[in-house]
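Colleague: The numbers in this note's numbering rise by one with no breaks, and the one at position 8 of the sequence shown is -1.
The beta-carbon is built from N, C-alpha and C at its ideal position, and this holds for glycine as well.
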Amino acid sequence: MKRYFIICTACFVIGFSLVGCTDSAPDKVVLAPEQTAVPAVGDSGEDLSVREVKQIKGTVMMYTRLLAEGYARLNMGELTRVAAERQATRVFHHMAALGEGGVKMLASLTRIEFDGVESLPDKVAEVRTREHWEYAYYTIATGELRHENDVSYQLAYTLEKTDQQWLIADVRIVESMEGTGKGDLSFMVRPDGRNHGSMPSSPEGGAGSNKD
-8 MKRYFIICTA
2 CFVIGFSLVG
12 CTDSAPDKVV
22 LAPEQTAVPA
32 VGDSGEDLSV
42 REVKQIKGTV
52 MMYTRLLAEG
62 YARLNMGELT
72 RVAAERQATR
82 VFHHMAALGE
92 GGVKMLASLT
102 RIEFDGVESL
112 PDKVAEVRTR
122 EHWEYAYYTI
132 ATGELRHEND
142 VSYQLAYTLE
152 KTDQQWLIAD
162 VRIVESMEGT
172 GKGDLSFMVR
182 PDGRNHGSMP
192 SSPEGGAGSN
202 KD
């Protein structure tokens, strides 16, 4: 069953589609010192301004907050403020799959460090972060805690600039390490053997098969 937890939390973070019982994760965030970031310059040969780097990091921070709030409220509508339509749809699929199993996932971002912001061609930027999340799964009908665990990630966010706004277009896991966890993961398996919480296979989403 541990494999299903890894699949589910991976889907949460990268959105193909990301503890406690609160959605106040931003208050717990610890930012890495600015001097640890790599220069914001890439193959495009154009430096990102200090203002743009701040906007890009702000978009990532807002994404993590709205992501956690969306899962807690079972409503991802606000995520479109900082995510491209395709990325927001991926996350919605994951949230809906959990709801199909009668389960709600609460997530808390306890630490985030920015490793660098890189400028790429065609108004694209990539952000590298190190993040630590805590997860808890509850039965929607009863509020019963089913499972909880924590995961550390190295992530790569791809952002695209549209109409002077930076939007999250994709999130990729570079590396992850999960804790030991506690609780029962059987709720993640449907009667037909497939696991709840993974996005259905589709060319649009780029996800693989969600069968065992």
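Would you report the Cα separation of E25 and L39, rounded to the nearest angstrom?
Modeller: Sequence index remark: in the sequence shown, residue 25 carries index 34 (1-based). Sequence index remark: in the sequence shown, residue 39 carries index 48 (1-based). Bear in mind that the predicted position of E25 carries a pLDDT of just 39, short of 50, making it too unreliable to give a figure here.
Colleague: Using the C-alpha atoms, what's the distance from E135 back to V165?
Modeller: Here residue 165 corresponds to residue number 174 of the sequence shown, with the count starting at 1. Here residue 135 corresponds to residue number 144 of the sequence shown, with the count starting at 1. Distance between the alpha carbons of V165 and E135: 33 Å.
Colleague: Measure the Cβ-Cβ separation of I159 and A74 and say whether it is below 9 Å.
Modeller: Numbered from 1 along the sequence shown, position 168 holds the residue referred to as residue 159. Numbered from 1 along the sequence shown, position 83 holds the residue referred to as residue 74. Yes.
Colleague: Let me know the secondary structure DSSP gives G174 once reduced to three states.
Modeller: As a first step, residue 174 is located in the sequence shown; it is residue number 183 there, counting from the start. Strand at G174.
Colleague: Just to confirm the assignment, what range does the alpha helix (DSSP H) spanning A79 have?
Modeller: On the sequence shown, position 88 is the one that residue 79 refers to. Residues E76 to E91.
Colleague: Give the straight-line distance between the Cα atoms of G93 and T130, rounded to the nearest whole angstrom.
Modeller: Position 102 of the sequence shown, counting from 1, holds the residue named residue 93. Position 139 of the sequence shown, counting from 1, holds the residue named residue 130. Distance between the alpha carbons of G93 and T130: 6 Å.
Colleague: Rounding to the nearest angstrom, what Cα-Cα distance links T13 and K173 in this structure?
Modeller: Position 22 of the sequence shown, counting from 1, holds the residue named residue 13. Position 182 of the sequence shown, counting from 1, holds the residue named residue 173. Note that T13 scores a pLDDT of 33, beneath 50, so its modelled location is shaky; the value from the coordinates is reported in the next line. Between T13 and K173, the C-alpha separation is close to 19 Å.
Colleague: Tell me I159's beta-bridge partners as DSSP assigns them.
Modeller: In the sequence shown, residue 159 corresponds to position 168, counting from 1. In DSSP, I159 forms a bridge with A74 and L150.
Colleague: Decide if S177 is buried, meaning its Cβ has at least 16 other Cβ atoms within 10 Å, or exposed.
Modeller: Here the question's residue 177 lines up with position 186 in the sequence shown. The residue in question, S177, is exposed, as its Cβ has fewer than 16 Cβ neighbours within 10 Å.
Colleague: Does the distance from the CB of A98 to the CB of A63 come in under 9 Å?
Modeller: Here the question's residue 98 lines up with position 107 in the sequence shown. Here the question's residue 63 lines up with position 72 in the sequence shown. Taking 9 Å as the Cβ cut-off, A98 and A63 qualify as a contacting pair.
Colleague: Can you find the residues in the same chain that come closer than 6 Å, C-beta to C-beta, to S15, ignoring five residues on each side of it along the sequence?
Modeller: For this step, residue 15 is matched to residue 24 along the sequence shown. Any answer about S15 is weak, because its pLDDT of 33 lies below 50 and its placement is not dependable; what the coordinates show is given next. None.
Colleague: On the three-state DSSP scale, how would you describe M52?
Modeller: In the sequence shown, counting from the first residue as 1, residue 52 sits at position 61. Note: M52 maps to helix in three-state DSSP.
Colleague: From A127 to D175, what distance separates their C-alpha atoms?
Modeller: By 1-based counting over the sequence shown, the position of residue 127 is 136. By 1-based counting over the sequence shown, the position of residue 175 is 184. Approximately 11 Å, taken between the alpha carbons.
Colleague: Would the beta-carbon of G108 fall within 9 Å of that of K48?
Modeller: Here residue 108 is taken as the residue at index 117 of the sequence shown, counted from 1. Here residue 48 is taken as the residue at index 57 of the sequence shown, counted from 1. The sequence given here has Val at residue 108, not Gly. Their beta carbons are under 9 Å apart, which means V108 touches K48 by this criterion.
Colleague: Under the rule that 16 or more other beta-carbon atoms within 10 Å means buried, what is T50, buried or exposed?
Modeller: Start at 1 with the first residue of the sequence shown, and residue 50 comes out as number 59. The residue in question, T50, is buried, as its Cβ has 16 or more Cβ neighbours within 10 Å.
Colleague: Exposed or buried, A59, counting other C-beta atoms within 10 Å across all chains shown (16 or more means buried)?
Modeller: For the purposes of this step, residue 59 is taken as residue 68 along the sequence shown, with counting starting at 1. Looking at its Cβ environment, which holds 16 or more other Cβ atoms inside 10 Å, A59 is buried.
Colleague: Cβ of D141 within 9 Å of Cβ of W124?
Modeller: For this step, residue 141 is matched to residue 150 along the sequence shown. For this step, residue 124 is matched to residue 133 along the sequence shown. Contact: yes.
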